[in-house]
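**Q**
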Amino acid sequence: GFHVPAGETYRAVEAPKGEFGVYLVSRGGNRPYRCKIRSPGYAHLQMLDTVATGAMLADVVTIIGTLDVVFGEIDR
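For the sequence shown, full-length UniProt numbering gives the first residue as 1, with consecutive numbering after it.
Spelled out as structure tokens, the structure:
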């Protein structure tokens, strides 16, 4: 079968909406020990605090709309 060498790695590729990253940790078996996926929308949503500081609560909906966030890709 397929065996992944023990260790960890992070790789990123350019996606249509930004950086798409995968973090893998392996113990040397045939399956990864840990796999974390970072989608471009997650990075966009992280800047919401900076962008929305000082804005009215009603404006947050518009701000999220301009970030073009897909919540299905964030809530994986």
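Every residue, glycine too, gets a C-beta built ideally from N, C-alpha and C.
Computed from a prediction, not measured in an experiment: that's the story for all the values here.
Helix or strand or just coil, what does DSSP make of V13?
**A** For this step, residue 13 is matched to residue 13 along the sequence shown. DSSP places V13 in strand when its eight states are reduced to three.
**Q** Which value, in whole angstroms, describes the spacing of the CA atoms of E14 and V22?
**A** Residue mapping note: residue 14 aligns to position 14 of the sequence shown, counting from 1. Residue mapping note: residue 22 aligns to position 22 of the sequence shown, counting from 1. E14 and V22: Cα-Cα distance of roughly 12 Å.
**Q** Alpha carbon to alpha carbon, what distance is there between D59 and A12?
**A** By 1-based counting over the sequence shown, the position of residue 12 is 12. By 1-based counting over the sequence shown, the position of residue 59 is 59. Cα to Cα, A12 sits roughly 32 Å from D59.
**Q** Let me make sure I understand the geometry here. Which of K17, L24, G29 and N30 has the alpha-carbon closest to that of K36?
**A** Translated into positions along the sequence shown, residue 36 becomes position 36. Residue L24 is the option with its Cα nearest to K36.
**Q** Helix, strand or coil for F2 per DSSP?
**A** Position 2 of the sequence shown, counted from the start, is the residue given in the question as residue 2. F2: coil per DSSP, three-state reduction.
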